[in-house]
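Asker: First, the structure itself, so that you have it in front of you.
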Amino acid sequence: MGTEFLDLWEDWCAVTGTSPGCRDDAVLTRFARQAGASRRLVHALEPHVTDRGHRETAWPRGHDDPGALRRLLHRGSVLDGDPGTFWIDRLRVRRMLFAATLLAPVSMGGLGLTRGQALGLTPAGCQEMRALLGTAVQESSCPACAAWSWLEVLGTNAGWSAAMVRSLAKRPGGAAGKHALHRHERNDPDTGWGDWEDCPNLLPGIDRWGYLNRYGSMHRSSLSRVIAVMALLLEAPVRQPLQTLPALEPPAIRHVTAEEEAAILARADELNARVAALLAEFE
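Residue numbers (this note's numbering): 1354 to 1636.
What follows is the structure in structure tokens.
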């Protein structure tokens, strides 16, 4: 990093009263916006290496047990499979679970990428790294299956239309259904996500109407909010999938006896006569 870049960073820190050693995501986002810093400079300032020599992870802090990623994927799959989940929210859940597989440490079955690496991941790079994702016995907890589901959305968005994406998102996911194979063991349903192999567009923004940005990934601050949602989901009580209730047996058909039928008809004749009499008063 050149001295002119360091000067810009140090001058900004002096003006804003920020410690030069404080380089978390919120600070760097504010620096980029206020100082007009380039992505290259911001990336160079990222704390890729900690004082102990280990690369910092974007994975939510305090959730370092080996099963954290699979637990998050399972809880997200419950939301994905809930028929009551709004279709745009279902898109965001699938994107979040894909982001989780990118950011989670390798020991959990993820790729261990930083924020910058995840946002800069291209289809060509993703194709090379997919084989490194972990798997699980349960499909709902499988990192490779979570990636498959989001790439299905991206492929549909690239090769078809927004209406097709909406149709796909309205179908609850998270389970193999009639298929014996896990999702990641099947061929991609649409490979259009890889058409622009050098374009970093695998974590796109999703607007309020459900449209996906085809030309780039979301902003760093948006990814930070996605990571915050991951942490909330990891800390939330376990939500069980909705169970399909057995169909209730229809009540037995009750037949009207001849005596009951006669009483009903007599009552109807009486009411008809009273109505006719009332109407006659106004003739």
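Ideal Cβ positions, reconstructed from N, Cα and C, are used throughout, including at glycine.
From L1521, S1575 and C1498, pick the residue whose C-alpha is nearest to that of T1509; which is it?
Answerer: Taking the sequence shown and counting its residues from 1, the one referred to as residue 1509 is at position 156. Here the closest residue by C-alpha is L1521.
Asker: Looking only at DSSP bridge pairs, what is L1565 linked to?
Answerer: For the purposes of this step, residue 1565 is identified with residue 212 of the sequence shown, where counting begins at 1. Paired residue(s): I1559.
Asker: Check W1501 in the structure and name its three-state DSSP category.
Answerer: Your numbering for residue 1501 matches position 148 in the sequence shown. Of the three classes helix, strand and coil, the one that applies to W1501 here is helix, per DSSP.
Asker: So, helix, strand or coil for C1366, using DSSP?
Answerer: Counted from its first residue, the sequence shown places residue 1366 at position 13. Reduced to three states, the DSSP call for C1366 is helix.
Asker: Please report the straight-line C-alpha distance between N1566 and S1460, rounded to a whole angstrom.
Answerer: Within the sequence shown, numbered from 1, the residue matching residue 1566 stands at position 213. Within the sequence shown, numbered from 1, the residue matching residue 1460 stands at position 107. Rounded to the nearest angstrom, the two C-alpha atoms are 32 Å apart.
Asker: Let me know the alpha helix (DSSP H) ranges lying completely inside the segment 1452-1502, each 4 residues or longer, listed in chain order.
Answerer: Taking only runs of at least 4 residues, the alpha helix (DSSP H) segments lying wholly in the segment 1452-1502 are 1468-1472 and 1476-1482.
Asker: Excluding the five sequence neighbours on either side, which residues of its own chain have a C-beta within less than 7 Å of the C-beta of L1586, listed in chain order?
Answerer: Residue numbering aside, residue 1586 sits at position 233 when the sequence shown is read from its first letter. Closer than 7 Å at the Cβ level, and outside the excluded window around L1586, lie L1425, R1428 and G1429.
Asker: Quick check: what's the CA-CA separation for T1382 versus L1398?
Answerer: By 1-based counting over the sequence shown, the position of residue 1382 is 29. By 1-based counting over the sequence shown, the position of residue 1398 is 45. The alpha-carbon atoms of T1382 and L1398 are separated by roughly 11 Å.
Asker: Quick one: residues in its chain with C-beta nearer than 8 Å to the C-beta of Y1564, no 5 flanking neighbours on either side, listed in chain order?
Answerer: For this step, residue 1564 is matched to residue 211 along the sequence shown. Cβ neighbours of Y1564 beyond the five flanking positions: A1515.
Asker: Which same chain residues end up closer than 7 Å to Q1480 when comparing Cβ atoms and leaving out the 5 residues on each side of it in sequence?
Answerer: Reading the sequence shown from its first residue, position 127 is the one you call residue 1480. Cβ within range, chain order: G1547.
Asker: On the three-pair Cβ rule with 8 Å, is the segment 1570-1587 touching the segment 1460-1476?
Answerer: Yes, since at least three Cβ pairs between the segment 1570-1587 and the segment 1460-1476 fall closer than 8 Å, the two stretches touch.
Asker: Which same chain residues, not among the five before or five after A1489, have their C-beta less than 6 Å away from its C-beta?
Answerer: Start at 1 with the first residue of the sequence shown, and residue 1489 comes out as number 136. R1423 and C1495.
Asker: With 16 as the cutoff for other CB atoms within 10 Å, does W1562 come out buried or exposed?
Answerer: In the sequence shown, residue 1562 corresponds to position 209, counting from 1. So W1562 ends up on the exposed side.
Asker: Out of R1414, R1519, F1451 and S1391, which has the shortest C-alpha to C-alpha gap to P1557?
Answerer: Along the sequence shown, one-based indexing puts residue 1557 at 204. Nearest C-alpha to P1557: F1451.
Asker: Residues in its own chain within less than 6 Å of E1505 by CB, not counting five upstream and five downstream?
Answerer: As a first step, residue 1505 is located in the sequence shown; it is residue number 152 there, counting from the start. Result list for E1505: P1542, in chain order.
Asker: Rounded to whole angstroms, what is the Cα-Cα separation between G1389 and H1396?
Answerer: Start at 1 with the first residue of the sequence shown, and residue 1389 comes out as number 36. Start at 1 with the first residue of the sequence shown, and residue 1396 comes out as number 43. Using only the alpha carbons, I get a separation of about 14 Å.
Asker: Could you tell me how far apart the beta carbons of L1485 and L1464 are, in whole angstroms, since I believe they sit closer than 8 Å?
Answerer: On the sequence shown, residue 1485 is found 132 positions in, with the first residue counted as 1. On the sequence shown, residue 1464 is found 111 positions in, with the first residue counted as 1. Their Cβ separation, rounded to whole angstroms, is 6 Å, which keeps L1485 and L1464 in contact under 8 Å.
Asker: Helix, strand or coil for D1442, going by three-state DSSP, please let me know.
Answerer: Along the sequence shown, one-based indexing puts residue 1442 at 89. Reduced to three states, the DSSP call for D1442 is helix.
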